[in-house]
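Visitor: Going by this note's numbering, the sequence shown opens with residue 669, and the numbers climb by one from there.
Each residue gets a CB set at the ideal place from its N, CA and C atoms; glycine is no exception.
Sharing a structure, written as C-alpha coordinates. Questions coming.
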Amino acid sequence: MVQGFPRLLGDIGGTNARWAWQAAPGMPLQHYASYACAQFDSVQSVVERFLRDHHLPAPVRMAFGIATAITGDQVSMTNHHWTFSISALQAALGAERCLVLNDFTAIAAALPALTATDSRRVGGGEAVAGAPMAVLGPGTGLGVSGALPSSGGG
(Lines of atoms letter the chains of each structure in order from A and count residues from 1; the text may use other names and numbers.)
(Lines give C-alpha, C1' and ligand atoms only; values in the text may rest on other atoms or scores of the structure.)
Protein backbone atom coordinates (compact mmCIF):
# COMPACT_ATOMS: atom_id res chain seq x y z
CA MET A 1 0.00 0.00 0.00
CA VAL A 2 1.26 3.48 -0.92
CA GLN A 3 1.47 5.99 1.95
CA GLY A 4 -1.71 8.11 2.18
CA PHE A 5 -3.72 5.77 -0.04
CA PRO A 6 -6.35 4.60 -0.71
CA ARG A 7 -8.44 7.74 -0.47
CA LEU A 8 -12.17 8.27 -0.21
CA LEU A 9 -13.40 11.52 -1.75
CA GLY A 10 -16.88 12.90 -1.19
CA ASP A 11 -19.26 15.69 -2.14
CA ILE A 12 -22.05 15.90 0.43
CA GLY A 13 -25.03 18.11 -0.33
CA GLY A 14 -28.39 18.49 1.34
CA THR A 15 -29.95 16.00 -1.09
CA ASN A 16 -27.20 13.63 -2.27
CA ALA A 17 -23.84 12.33 -1.08
CA ARG A 18 -21.49 11.49 -3.96
CA TRP A 19 -18.37 9.35 -3.53
CA ALA A 20 -15.30 8.24 -5.44
CA TRP A 21 -12.23 6.17 -4.61
CA GLN A 22 -8.58 6.75 -5.49
CA ALA A 23 -6.45 3.64 -5.00
CA ALA A 24 -2.98 5.14 -5.61
CA PRO A 25 -1.25 8.39 -6.68
CA GLY A 26 -1.99 9.32 -10.28
CA MET A 27 -4.69 6.66 -10.58
CA PRO A 28 -8.05 7.76 -11.96
CA LEU A 29 -10.98 7.96 -9.60
CA GLN A 30 -13.08 4.80 -9.43
CA HIS A 31 -16.32 3.49 -7.96
CA TYR A 32 -18.35 6.66 -8.46
CA ALA A 33 -21.60 6.43 -6.53
CA SER A 34 -24.38 8.74 -5.38
CA TYR A 35 -26.70 8.11 -2.45
CA ALA A 36 -29.80 10.00 -1.32
CA CYS A 37 -28.98 11.60 2.05
CA ALA A 38 -32.55 11.03 3.26
CA GLN A 39 -31.94 7.26 3.13
CA PHE A 40 -29.21 7.39 5.81
CA ASP A 41 -29.02 8.39 9.46
CA SER A 42 -25.49 9.76 9.31
CA VAL A 43 -22.41 10.50 7.22
CA GLN A 44 -20.79 7.43 8.75
CA SER A 45 -23.65 5.16 7.64
CA VAL A 46 -23.50 6.34 4.03
CA VAL A 47 -19.69 5.96 3.92
CA GLU A 48 -19.98 2.44 5.34
CA ARG A 49 -22.62 1.63 2.69
CA PHE A 50 -20.34 2.93 -0.11
CA LEU A 51 -17.42 0.83 1.15
CA ARG A 52 -19.65 -2.27 1.43
CA ASP A 53 -21.26 -1.77 -1.99
CA HIS A 54 -17.84 -1.63 -3.67
CA HIS A 55 -16.05 -4.20 -1.46
CA LEU A 56 -13.47 -1.62 -0.40
CA PRO A 57 -11.22 -1.54 2.68
CA ALA A 58 -11.19 1.32 5.14
CA PRO A 59 -9.65 4.39 3.48
CA VAL A 60 -6.32 5.69 4.75
CA ARG A 61 -7.38 9.27 4.02
CA MET A 62 -10.75 10.90 3.42
CA ALA A 63 -11.67 14.32 2.06
CA PHE A 64 -15.22 15.65 1.81
CA GLY A 65 -16.73 18.83 0.52
CA ILE A 66 -19.98 19.38 2.43
CA ALA A 67 -22.79 21.91 2.03
CA THR A 68 -22.36 23.80 5.29
CA ALA A 69 -19.90 26.07 7.08
CA ILE A 70 -16.95 24.30 8.72
CA THR A 71 -15.88 26.11 11.89
CA GLY A 72 -14.27 23.32 13.91
CA ASP A 73 -14.51 19.62 14.66
CA GLN A 74 -18.30 19.56 15.05
CA VAL A 75 -20.21 19.79 11.75
CA SER A 76 -23.96 20.47 11.45
CA MET A 77 -25.42 20.54 7.97
CA THR A 78 -27.51 23.55 6.95
CA ASN A 79 -30.04 21.74 4.73
CA HIS A 80 -30.04 18.25 6.28
CA HIS A 81 -30.19 16.77 9.80
CA TRP A 82 -26.70 15.21 9.84
CA THR A 83 -24.39 16.37 12.63
CA PHE A 84 -21.00 14.78 13.27
CA SER A 85 -17.56 15.18 14.76
CA ILE A 86 -14.78 15.04 12.16
CA SER A 87 -12.38 13.38 14.60
CA ALA A 88 -14.98 10.81 15.71
CA LEU A 89 -15.82 9.98 12.07
CA GLN A 90 -12.13 9.55 11.29
CA ALA A 91 -11.68 7.21 14.27
CA ALA A 92 -14.86 5.22 13.57
CA LEU A 93 -13.81 4.58 9.97
CA GLY A 94 -10.19 3.84 10.85
CA ALA A 95 -8.71 6.57 8.65
CA GLU A 96 -5.39 8.27 9.42
CA ARG A 97 -6.76 11.62 8.21
CA CYS A 98 -10.15 13.17 7.45
CA LEU A 99 -10.34 16.59 5.79
CA VAL A 100 -13.76 18.25 5.68
CA LEU A 101 -14.27 21.52 3.78
CA ASN A 102 -17.24 23.58 2.75
CA ASP A 103 -18.20 22.24 -0.70
CA PHE A 104 -17.69 25.54 -2.49
CA THR A 105 -14.42 26.18 -0.66
CA ALA A 106 -13.24 22.85 -2.08
CA ILE A 107 -14.25 23.94 -5.59
CA ALA A 108 -12.54 27.33 -5.16
CA ALA A 109 -9.33 25.58 -4.10
CA ALA A 110 -9.31 23.80 -7.47
CA LEU A 111 -9.90 26.94 -9.58
CA PRO A 112 -6.20 27.83 -10.05
CA ALA A 113 -5.60 24.39 -11.61
CA LEU A 114 -8.13 24.97 -14.40
CA THR A 115 -6.87 25.40 -17.94
CA ALA A 116 -8.48 27.33 -20.81
CA THR A 117 -10.15 24.13 -22.03
CA ASP A 118 -11.76 23.62 -18.60
CA SER A 119 -13.76 26.84 -18.73
CA ARG A 120 -16.28 28.63 -20.89
CA ARG A 121 -16.58 32.38 -21.24
CA VAL A 122 -19.91 33.84 -20.21
CA GLY A 123 -20.55 37.44 -21.21
CA GLY A 124 -17.88 39.93 -22.25
CA GLY A 125 -14.39 40.51 -21.01
CA GLU A 126 -11.26 38.40 -20.94
CA ALA A 127 -9.78 36.29 -18.18
CA VAL A 128 -6.79 37.86 -16.45
CA ALA A 129 -4.08 35.50 -15.21
CA GLY A 130 -3.47 35.84 -11.47
CA ALA A 131 -6.74 37.70 -10.84
CA PRO A 132 -9.19 36.69 -8.11
CA MET A 133 -11.60 33.95 -9.16
CA ALA A 134 -15.10 33.13 -7.97
CA VAL A 135 -17.46 30.20 -8.17
CA LEU A 136 -21.17 30.09 -7.53
CA GLY A 137 -23.81 27.51 -8.20
CA PRO A 138 -27.13 26.02 -7.19
CA GLY A 139 -27.65 22.85 -5.22
CA THR A 140 -30.02 22.33 -2.33
CA GLY A 141 -29.04 25.95 -1.58
CA LEU A 142 -26.85 28.52 -3.34
CA GLY A 143 -23.11 28.07 -2.92
CA VAL A 144 -20.45 30.73 -3.44
CA SER A 145 -16.71 30.98 -2.79
CA GLY A 146 -13.59 32.59 -4.19
CA ALA A 147 -9.87 32.18 -4.64
CA LEU A 148 -7.48 35.07 -4.12
CA PRO A 149 -3.94 34.96 -5.53
CA SER A 150 -1.11 34.99 -3.02
CA SER A 151 2.60 35.75 -3.16
CA GLY A 152 3.24 32.01 -2.70
CA GLY A 153 1.36 31.21 -5.91
CA GLY A 154 -2.20 30.06 -6.22
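With a threshold of 7 angstroms on Cβ separation, who are the neighbours of Ser-710 within its own chain once the five nearest residues in sequence on each side are excluded?
Guide: Excluding residues within five positions, the ones whose Cβ falls inside 7 angstroms are Trp-750 and Phe-752.
Visitor: Which class does Ser-713 belong to by DSSP, given the choice of helix, strand or coil?
Guide: Ser-713 falls in the helix class under three-state DSSP.
Visitor: Flag this pair as yes or no: are the beta carbons of Ala-776 and Val-812 separated by less than 7 angstroms?
Guide: No, Cβ-Cβ distance for Ala-776 and Val-812 is not below 7 angstroms.
Visitor: Mapping the DSSP letters down to three states, classify Ile-775 as helix, strand or coil.
Guide: Three-state result, Ile-775: helix.
Visitor: For Val-670, tell me which candidate among Asp-741, Ala-815, Ile-734 and Pro-727 has the shortest Cα-Cα distance.
Guide: Of the candidates Asp-741, Ala-815, Ile-734 and Pro-727, the one whose C-alpha sits nearest the C-alpha of Val-670 is Pro-727.
Visitor: Let me check understanding here. Comparing Cα to Cα, which of Gln-742, Pro-800, Asn-747 and Thr-746 lies closest to Ser-755?
Guide: The shortest C-alpha separation from Ser-755 is found at Gln-742.
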